[in-house]
Amino acid sequence: MATRIRPSSKRCTVIGGSGFLGRHLVEQLLVRGYLVSVFDIQQSYELPGVTFHLGDLCNKQALLPALQGVSLVFHCASPFPGSDDRSLFQRVNVDGTGAVLEACQEAGVQKLVLTSSASVVFEGTDIKDGKEELPYAKKPIDYYTETKIQQEKLVLQACNEENGFLTVAIRPHGIFGPRDPQLVPILVDTARRGKMKFIIGDGSNLVDFTFVENVVHGLILAAEHLRPKSPLCGRAYHITNDEPVQFWDFMSQVLMGLGYDAPRYHLPYWLVYGLALLLWLLALLLRPVVRLRPTFTPMRVALAGTHHYYSCTRAKQDMGYRPLVGLQEAIVRTVESYPHLRRGA
Ligand SMILES: NC(=O)C1=CN([C@@H]2O[C@H](COP(=O)(O)OP(=O)(O)OC[C@H]3O[C@@H](n4cnc5c(N)ncnc54)[C@H](O)[C@@H]3O)[C@@H](O)[C@H]2O)C=CC1
Ligand SMILES: CC(C)CCC[C@@H](C)[C@H]1CC[C@H]2C3=C(CC[C@]12C)[C@@]1(C)CCC(=O)C[C@@H]1CC3
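Mapped onto numbering that gives the first Met the number 0, the consecutive letters of the sequence shown carry residue numbers 0 to 344.
Here it is in structure tokens:
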């Protein structure tokens, strides 16, 4: 049997640490004095003091060396949410998370903090001040959400105080900030193609967008408050900016900050949703012949046209969470970080 290295409480591994959220987390962990390893299928940067382990999280044997002597693991890896590859989501988010859980327990890891998503309760209809008690979506809106639900269940069920293995899930919503490969780049790409002229619905729907540094703060607080007998064991926590904003107001601020026009004309929600559904079906039918990647997917239209904001009272009570960066400052810092996406750049 392989000898176990004694875990140190300040030694942690970030699975998915090369990604947008993962890298911000790694940087903040270093500031807070942690010794950090990254496990990812790719290495996207170098940082003094960070050890990279390259591999697929579905492979337990590849994971084990990255978990030696580690007491705390953050799991922030996922395929791109906009993908339509069902088997990839199943393999990475569900089977892969199973492998992560096995590897953690085999390596003697004491705590696992999962980055789940507030979308696990979203079915495409309004959610206002949603609490964690809301049931999981019965009809998840896409494969990403379907497998994030299964992933969260697996991780929370694995929490076992007797065996000394504690788990918690953090559910952020609409993460944005410098280096985000999704929200701002997709928005700007859509604007550059002249497709950001329309507001879906009446534009009054409130949504949570969460600055990446606040998500990182929530993840680290969760890790530090996750102890035997603490209320965090085996539970999920919403982490947001706690400042719901009109979806189209937020998009307009980002677009105008980068020199693009804000959308002005209104289209009925159900018309756009129906068209997005048709396009999605068409893309599915034509998949063997040609790979269509519609910008307006049913999921994005639902996110753009409904209220969905969440309460973080539980995180405030159990781990003293407060967003560190307000929404306005976060938007300014985000816009300033994308000079290459400005109009005319
Ligand atoms: N971006 C958002 O708005 C939200 C994201 N989340 C969750 O936050 C987490 C991080 O997301 P982002 O940083 O935005 O995504 P990202 O795509 O920037 O990072 C994901 C990382 O996971 C890695 N990865 C993917 N498959 C892997 C595999 N099989 N083995 C090892 N590494 C693998 C990728 O290489 C990448 O570095 C994900 O779990 C996502 O579901 C939750 C709520 C909102
Ligand atoms: C084309 C426009 C209608 C919308 C452009 C912006 C969108 C790309 C983003 C707006 C809300 C975002 C969001 C996510 C991805 C990017 C957006 C759709 C997630 C699906 C990412 C993964 C999650 O866990 C939930 C997020 C909800 C909000």
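Backbone N, C-alpha and C define an ideal beta-carbon position, used for all residues, glycine too.
DSSP on residue i, reduced to helix/strand/coil?
i, result
"His265", "strand"
"Thr209", "strand"
"Ala235", "strand"
"Ala157", "coil"
"Ile140", "coil"
"Pro171", "strand"
"Gln327", "helix"
"Leu225", "coil"
"Gln181", "coil"
"Leu356", "The structure shown does not extend to residue 356, since the chain spans only 0 to 344, so no value can be given for it."
Can you grab the Cα-Cα spacing for the pair residue i / residue j, in whole Å?
i, j, result
"Tyr236", "Arg290", "37 Å"
"Asp260", "Ala190", "8 Å"
"Gln150", "Pro293", "26 Å"
"His216", "His307", "22 Å"
"Ala117", "Arg85", "20 Å"
"Met0", "Gln156", "Interpretation of Met0 is limited by its pLDDT of 46, a score under 50 that renders its predicted location unreliable; the figure taken from the coordinates is listed afterwards. Taking the straight line from one Cα to the other gives about 27 Å."
"Met98", "Leu220", "The sequence shown places Ala at residue 98, rather than the Met named in the question. Computed Cα separation, rounded: 25 Å."
"Val183", "Val49", "28 Å"
"Val368", "Val167", "No information on residue 368 is available, as it lies outside the stretch 0 to 344 that the chain covers here."
"Leu205", "Thr305", "7 Å"
"Pro78", "Thr146", "11 Å"
"Val349", "Gly163", "Residue 349 falls outside the range modelled here, since the chain spans only 0 to 344, and no answer is possible."
"Gly256", "Gly18", "25 Å"
"Cys158", "Met318", "18 Å"
"Phe175", "His224", "25 Å"
"Pro230", "Leu165", "11 Å"
"Gln316", "Ser115", "20 Å"
"Leu276", "Leu56", "32 Å"
"Ile330", "Gln252", "8 Å"
"Phe208", "Thr333", "12 Å"
"Leu113", "Glu132", "18 Å"
"Asp83", "Ala303", "19 Å"
"Gln181", "Gly258", "19 Å"
"Pro128", "Thr239", "The sequence as given places Asp at residue 128; Pro does not occur at that position. Distance between the alpha carbons of Asp128 and Thr239 is about 11 Å."
"Leu34", "Gln327", "33 Å"
Would you say the beta carbon of residue i comes nearer than 7 Å to a heavy atom of ligand 4?
i, result
"Ala76", "Annotation note on ligand 4: not contained in the displayed structure, which lists ligand 1 and ligand 2 as its ligands."
Tell me which residues pass a beta-carbon proximity test against ligand 2: closer than 5 Å to any heavy atom, given in chain order. Pro80, Ser116, Ser118, Gly173, Gln181, Leu182, Ile185, Leu186, Thr189, Arg299, Leu302 and Ala303
So within the region 68–134, which uninterrupted alpha helix (DSSP H) runs reach at least 4 residues, ignoring any that extend past its ends? 85–88 and 96–106
Closer than 8 Å is the cut-off here; do at least three beta carbon pairs connect the region 133–148 with the region 316–324? no
Evaluate the contact criterion for the region 101–109 versus the region 117–136: three or more CB pairs, one atom per stretch, below 8 Å. no
Start-end ranges of the beta strand (DSSP E) lying completely within the region 6–74, minimum 3 residues: 7–14, 34–39, 49–53 and 69–74
Would you call the region 9–24 in contact with the region 66–82, where contact means no fewer than 3 C-beta pairs closer than 8 Å? yes
Every unbroken alpha helix (DSSP H) inside the region 282–319 [4 residues or more]: 297–304 and 312–318
Segment contact, 8 Å Cβ cut-off, at least three pairs: the region 39–47 with the region 57–64: no
Check whether the region 231–251 touches the region 184–203, taking contact to mean three or more Cβ pairs, one atom from each stretch, closer than 8 Å. yes
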